[in-house]
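Following: one structure in structure tokens, then a few remarks.
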Amino acid sequence: MARKTTTRKQRQAPDRSPPRRKQLAAAAAPARNGHPQTIGGYLIQRLQDYGVRDVFGIPGDFVLHFYGLLENSPIRVIGTTREDCAGYAADAYARVNGLGAVCVTYCVGGLSLCNSIAGAFAEKSPVVVISGAPGISERVNDPLLHHRVRDFNTQHEVFQKITVATATLDDPLTAFREIDRCLEAAVRFKRPVYLELPRDRVDTPALYPHTPLTTNLQSNKDALQAALGEATERINAAQRPVIIAGVEIHRFGLREAVLKLAEAHDIPMCATLLGKSVVSERHPLYLGVYEGAMGRREVTEYVESSDCVILLGTFMTDINLGIFTARLDPARCVYVTSEKLRIGHHHFQDVLLGDFVKGLSKAPIKHAAPTKLPSRPERKAKPWVASEPVTSAGLFAFIDEFLADEMVVVADVGDCLFGSADLTIHKHTEFISPAYYTSMGFAIPAAIGVQVANRKLRPLVVVGDGAFQMTSLELSTAVRNKFNPIVIVLNNKGYTTERFLQEGPFNDILNWNYHRMPDLLGGGWGFEVRTMGDLKQSMQAALAQQDAFSILNVHLDPHDVSPALQRLAARMSKHI
Ligand SMILES: Cc1ncc(C[n+]2csc(CCOP(=O)(O)OP(=O)(O)O)c2C)c(N)n1
Ligand SMILES: [Mg+2]
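Residue numbers for the sequence shown follow our numbering, so the first one is 56 and each next one is one higher.
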């Protein structure tokens, strides 16, 4: 495949002499025109083969040469302010694009990525972590090189715990196959992988021409048939089957198959909080988010009284299940994920999620359409008075009215997550949040990742003041790249979610002038919002500002929370 090796970026690189540029461009390219296939060049080639067009990160001396290669390849490097932010951005990029990548320096960069990559692992988001490392030739006599922690393998060992595959690309005999193996694992398991590239191995040529390896996983035909037969029988025997679609339906590209299954047989559908928006929330068969006692009563009752609950690609997490308040009898469930297939109490092995879901959508299911679906909440926002102070409930009702088709809601952790659970997401895949791992600080860098992946999407970020203080400087990257997220800061003067569980001074934080971030960053538009009238005006202005980010500092009472959080907090306080 011919690959472009000169780009706009080359013209911008000011301090590289022409011969050096040529050398880098050749190394970034695959083997052709007599240039050798190198470890660094092959990695860049394979990333592109998997659809990665952008890599997030911060350089350092152990990865600088590889950065030079990236810069001279068609891949765009998006610099961030911190490595953990690069990880969140790559995670969100992966959720939109299918695969994401982050490239950092040894230990100081890599170890700073751990939390965001752990979140990507927990929530099944495939991110390729590339870390530079000291050269193999530099390690003779075990020197104490800068950034080293314990020994030269420390960082690699840490990442073994939070990724699905790892490799050190130190040997040209194995490096090319290892790249294939790790990238394949990321895509197959939808989890992060780790590749460590010693700096003196970036240009190491292959010992012989390497052809990319891909494996084609297949279900065991008999097991698939038996599972489909049993599931069909159960659904046919049921009076009120219901589907719960989870996050894996999105990750494995099975949305169409689930819709086909639901539509062909008039089976109503719910989503989980982590999988929210996996099916369009405007679909006539869509009931709402199922979250046990935390969710809307009508949805909970419909699901829990169903005689056949078909759980497709859902994680049975505590938050998804309303802190384990869900009452789902396994004997009445068909439960399938990429890791498990259980029908009632029967377990099946070697059946791929995709084969099962697609198979079920074509199965001879015969079942009468449900006579009555639970009513959906009245979508008409309550009339409000311009002078009335903004409340959490009022804010989310207002946002619900404002949501436009091209918007992606990116929710952080805290009341913003629970409040946004009740928003109506117009299309699919338009709700992104760390709803299971729940690490604060995800949303702002994730919004950057969304717009790097697809500039046409406009993130509507809902974030608490506490979470905002963790990673808000990543708005700097929005200014640099002329991105235009609309950021709504729920300024309740502290950690209200925690305040709800246990009051204490540790829940107080400094009240920043969030709306003045644009002064600091030299770009963007800031608005201070106290009343519903302010909210309307500033949202209209923010929507009109297409060329830069907007930030709304929404003052809320420190004890005002969404109804969903009230329900959840009541449950959680029983466990503390
Ligand atoms: C990285 C991280 N640190 C700590 C927590 C624990 N925690 C959960 S919610 C919360 C408070 C969030 O505050 P804020 O972002 O202001 O949202 P609010 O609860 O006020 O809506 C904390 C500290 C966490 N989830 N993630
Ligand atoms: Mg807060």
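Even glycine gets a Cβ: it sits at the ideal position worked out from N, Cα and C.
Go through its chain and collect everything with a Cβ distance to residue i's Cβ below 6 Å, but skip five positions before and after it.
| i | result |
| --- | --- |
| Val465 | Ile487, Ala498, Ala501, Ala502, Pro514, Val516 |
| Ile185 | Cys158, Leu250 |
| Gln621 | none |
| Phe207 | Arg194 |
| Val302 | Leu329, Gly330 |
| Ser192 | Asp255 |
Could you spell out the range, first to last residue, of the beta strand (DSSP E) harbouring residue i?
| i | result |
| --- | --- |
| Phe582 | 580-584 |
| Met324 | 324-326 |
| Gly112 | 109-112 |
| Gly519 | 513-519 |
| Ser180 | No beta strand (DSSP E) contains Ser180, which DSSP labels as neither H nor E. |
| Cys363 | 363-367 |
| Leu342 | 341-344 |
| Glu251 | 248-253 |
| Ser605 | 605-610 |
| Tyr390 | 388-391 |
| Cys158 | 155-159 |
| Val544 | 541-546 |
| Arg397 | 396-398 |
Please report the residue range of the alpha helix (DSSP H) in which residue i lies.
| i | result |
| --- | --- |
| Ala292 | 276-292 |
| Val358 | 352-359 |
| Pro573 | 572-576 |
| Ala144 | 138-152 |
| Ile499 | 498-508 |
| Ile454 | 447-457 |
| Ala312 | 310-320 |
| Arg306 | 302-306 |
| Thr209 | 209-215 |
| Val132 | Not the alpha helix (DSSP H): Val132 falls in the beta strand (DSSP E), residues 131-134. |
| Ala466 | Here Ala466 belongs to no alpha helix (DSSP H); instead the beta strand (DSSP E) covers 462-466. |
| Val534 | 530-535 |
Once you ignore the five residues that flank residue i on each side, which residues in its own chain have a CB closer than 8 Å to its CB?
| i | result |
| --- | --- |
| Leu450 | Gly474, Ile543, Leu545, Leu590, Val609, Leu611 |
| Glu11 | Past the boundaries of the shown model lies residue 11; the chain is included only from 56 to 631, so the question cannot be answered. |
| His400 | Pro385, Ala386 |
| Thr135 | Phe111, Gly112, Ile113, Ala141, Ala144, Pro500, Ile503, Glu529, Thr532 |
Please look up how many angstroms separate the CB atoms of residue i and residue j, rounded, as I've assumed it's under 8 Å.
| i | j | result |
| --- | --- | --- |
| Arg232 | Leu268 | 7 Å |
| Tyr143 | Ser171 | 5 Å |
| Ala576 | Leu530 | Residue identity differs from the one stated: residue 576 is Leu in this sequence, not Ala. Between Leu530 and Leu576 the Cβ distance is about 6 Å, and since that is below 8 Å, they are a contact. |
| Gly330 | Ala292 | Actually they are not in contact, since the Cβ atoms of Gly330 and Ala292 sit about 27 Å apart, beyond 8 Å. |
| Phe176 | Pro247 | 5 Å |
| Phe214 | Thr221 | 6 Å |
| Leu228 | Leu262 | 6 Å |
| Thr109 | Val507 | For the record, residue 109 in the displayed sequence is Asp; it is not Thr. With 8 Å as the limit, Asp109 and Val507 qualify as a contact, their Cβ atoms being about 5 Å apart. |
| Val183 | Ala141 | Contact doesn't hold; Cβ gap of about 12 Å is too wide. |
| Ala326 | Val344 | 5 Å |
| Val297 | Tyr341 | In fact, because the Cβ distance is near 11 Å, the residues do not count as touching under 8 Å. |
| Ala282 | Phe411 | 6 Å |
Given 7 Å as the limit, tell me if residue i has its C-beta closer than that to any heavy atom belonging to ligand 1.
| i | result |
| --- | --- |
| Asn536 | no |
| Met495 | yes |
| Thr468 | A small correction: the amino acid at residue 468 is Val; Thr does not occupy that position in the sequence shown. True, at least one ligand heavy atom lies under 7 Å from that Cβ. |
| Cys140 | no |
| Glu558 | no |
| Cys471 | yes |
| Glu553 | yes |
For ligand 2, any of its heavy atoms closer than 7 Å to the Cβ of residue i?
| i | result |
| --- | --- |
| Tyr550 | yes |
| Leu545 | yes |
| Asp695 | Nothing about residue 695 can be reported from this structure: the residues present for the chain run from 56 to 631 only. |
| Gly521 | yes |
| Gly155 | no |
Looking only at its own chain, which residues have a Cβ that is under 7 Å from the Cβ of residue i, when we skip the five neighbours before and after it?
| i | result |
| --- | --- |
| Val616 | Ser447, Asp470, Thr551, Phe555 |
| Val584 | Val445, Leu590, Ser593, Leu607, Asn608, Val609, His610 |
| Asn88 | Residue placement at Asn88 cannot be trusted, given a pLDDT of 45 that sits under 50; the coordinates are not used to answer. |
| Glu553 | Asn562 |
| Pro419 | Thr287 |
| Phe538 | Ile503, Gln506, Phe604 |
| Glu353 | Pro429, Ser430 |
| Asp139 | Ser167, Leu168, Asn170, Ser171 |
| Pro489 | Gly174, Glu178, Val468, Phe497 |
For ligand 3, is there a heavy atom less than 7 Å away from the beta-carbon of residue i?
| i | result |
| --- | --- |
| Gly399 | As far as ligands go, the structure on display features ligand 1 and ligand 2 and does not contain ligand 3. |
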